[in-house]
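Input: a single structure, listed below in structure tokens.
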Amino acid sequence: MSVNANGRDYLKLDRAGADALFDRVAPEAADPSAVGAVIYELAKYLPPNYAERDVLIERVRGYVEFDMSDGEREKWERKARKAYRRGKADRTAYIVDADALQRGAEVAQAEYDYGIRHEGREAFLRSLAASRLDHTIRESMSTHEQLRAEPPLQSLVEGILPQRSMATLVGASGLGKTALGASMAAAIAMRKPWMGRATVGGPVIYCLAEGGAGFGARLDAIASGFYGGKSIEDLIVVRRPIDMSDTNGEVAELREIVAEVDPALVVYDTLIRYAGGADENSSTQMSVVLANMEWVTRAGTRTTGLAVHHTGHEGKRARGTSAIFANVDTELTLSGEPDALRLHVTKQKDGREGLVGDFRLKASEVNGAVIVEGVAPGQAQPSGAQAARVEEALAHFVRAFGPTGATRPEFRDALMEWMEVSKPTALRYIADLVAARRLNHEERGRSSFLTLAHAPTTFPINNETE
């Protein structure tokens, strides 16, 4: 069975086939001069989830039939490592199975997979198993001085997404989450700023379980609208759902890909489609899903994970269990409507929360695909129900604070109570009124003071309101 990626056919091998290949090729290393050809062929067809480089070379060296001096051994190993690099570059096979998560299971699996039967290898094998686990307790221990010496936290997208973190992008269905996620992913892959914010560029793996048929057109529209039509080469799209509720073969395969590509960003669109059979209202089950996503993401040296998720029926927070919010470092919330979108950082474990910017959706002139573009504050004009809600907020201000005015926190808290909206939504209504010059604001101490800009024309809040 084979798959095609980036124009190259990859053969999917099972363990028995991989063992047979090794048993056929490795004995040729009895002739030391054949080491280059042997290691090259094995590296080409046996990726790291069959045997890591050093283990593979060590096994092959066992077939050398004479003792080598230290100098001969060093020369042999250099030649082997060079051949391995060439074979890895030409690799055309995948082996799919589950990596063991526990140290004992890792050792047992390695002993079986690698076929190491020689005495005296146990300590080496245990060391190897420990080195492959990125979450062992000893490796996670640091002193104060070690923590102080670590470089400061770097942003993948300035002020929004830290590197080596796990984040969610939440918003109502059909609001443009995928359009915004694709826009951000493209900027990172192209090593360009995103909406005026600096990025740390690098490859991006976009796992897309919804809307795969039109995603190519969306990327074409982004490339044409923002990058002069240049192909977004370093954006790799995985067009299938993967069950992240268990560490199965596909999850292990995705982790191997992340380890090899070392992407700057991995996107899971959407969270629920990658949750398998997990109940999104179960804190235990969704914590496992997010832990597995983070396990995959941590295979990269600098990789951030971003899961796209829906808001609940009231649109106030992420749908499902609160464990989704609790288990991520960053939450980005997209709100509003297509003509007037706002992105807020609603959780930032090690940074500031608040407004990111204003956006709107538009149809590309190239192919009609929907893309997102940034707009200046106040430029995006809400319409329909959104405009009515903003107008309702102004009516509340007139009724309660019209003669005297109010501080921004006073009006915000009042809107949260009277209109039953979230804090970000209340602040968005206030910002829209200020941007439209329906309310004046002036700084007084630590807060803004709001007053009516002119005599407003508003509709009644209810039938009893004059």
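Be aware that the sequence shown starts at 1, since it is given in this note's numbering, and climbs by one per residue. Ideal Cβ positions, reconstructed from N, Cα and C, are used throughout, including at glycine. Computed from a predicted model, the values in this text were never measured in an experiment.
Kindly indicate which three-state DSSP category ILE160 falls into: helix, strand or coil?
It is coil, neither helix nor strand.
Quick one: residues in its chain with C-beta nearer than 7 angstroms to the C-beta of GLU72, no 5 flanking neighbours on either side, listed in chain order?
Sequence-distant partners of GLU72 (beyond 5 residues in either direction) whose C-beta falls short of 7 angstroms from its own C-beta are missing from its chain.
What number of angstroms, rounded off, separates the C-alpha of LEU133 from the C-alpha of GLY300?
Any reading at LEU133 needs caution, since the residue's pLDDT is 44, under 50, leaving its predicted position unreliable; the model's value is listed next. Taking the straight line from one Cα to the other gives about 13 angstroms.
What would DSSP say about ALA352, mapped onto helix, strand or coil?
According to the sequence displayed, residue 352 carries Arg and not Ala. The answer is coil: DSSP assigns ARG352 none of H, G, I, E or B.
Exposed unless 16 or more other CB atoms sit within 10 angstroms - verdict on PRO403:
With fewer than 16 other Cβ atoms within 10 Å, it is exposed.
Rounding to the nearest angstrom, what Cα-Cα distance links ARG86 and TYR40 in this structure?
Note on geometry: alpha-carbon atoms of ARG86 and TYR40 lie some 6 angstroms from one another.
Which of the three DSSP states is assigned to SER335 in this structure?
In the structure shown, SER335 adopts extended strand secondary structure according to DSSP, grouped into three states.
Close-in-space but distant-in-sequence residues of the same chain around PHE449 (CB under 7 angstroms, 5 per side omitted)
Around PHE449: GLY405, THR407, HIS441, GLU442.
Measure the alpha-carbon distance for ARG319 versus MET190 and round it to whole angstroms.
Roughly 32 angstroms between the two C-alpha positions.
Taking THR143 as part of the beta strand (DSSP E), name the residues at either end of that continuous run.
Careful: THR143 lies outside any beta strand (DSSP E) and carries neither H nor E.
Note down, in chain order, each residue of its chain lying with its Cβ closer than 7 angstroms to the Cβ of GLU294, except the 5 sequence neighbours on either side.
Annotation for GLU294: MET166, GLY305 place their beta carbon closer than 7 angstroms to its own, counting only its chain and skipping 5 residues before and after.
Please state whether DSSP places GLU443 in a helix, a strand or coil.
It is a strand residue.
Anyone know if the C-beta pair for LEU341 and ARG360 falls short of 7 angstroms?
If you check the CB distance, LEU341 and ARG360 come in under 7 angstroms.
Could you work out which residue in ALA369, VAL366, ALA376, GLY62 is closest to LEU355 when comparing CA atoms only?
It is ALA376 whose Cα lies nearest to the Cα of LEU355.
Note the first and the last residue of the continuous beta strand (DSSP E) segment covering ASP269.
It spans 265 to 269 - the beta strand (DSSP E) in which ASP269 sits, taken as one unbroken run.
For the ligand NAD, is there a heavy atom less than 6 angstroms away from the beta-carbon of ALA185?
You won't find the ligand NAD in this model; it holds no ligand whatsoever.
Tell whether a beta-carbon distance below 7 angstroms holds between GLU28 and VAL38.
Contact flag set, yes.
When you compare only the Cα positions, how much space is there between LEU394 and LEU427?
When rounded, the distance between both Cα atoms is 13 angstroms.
Helix, strand or coil at VAL35 according to DSSP, with G and I counted as helix:
Under the three-state reduction of DSSP, VAL35 is assigned to helix.
Closest to VAL421 by CA distance: which of GLY336, VAL25, GLU150, ARG255 is it?
Closest by alpha carbon: GLY336.
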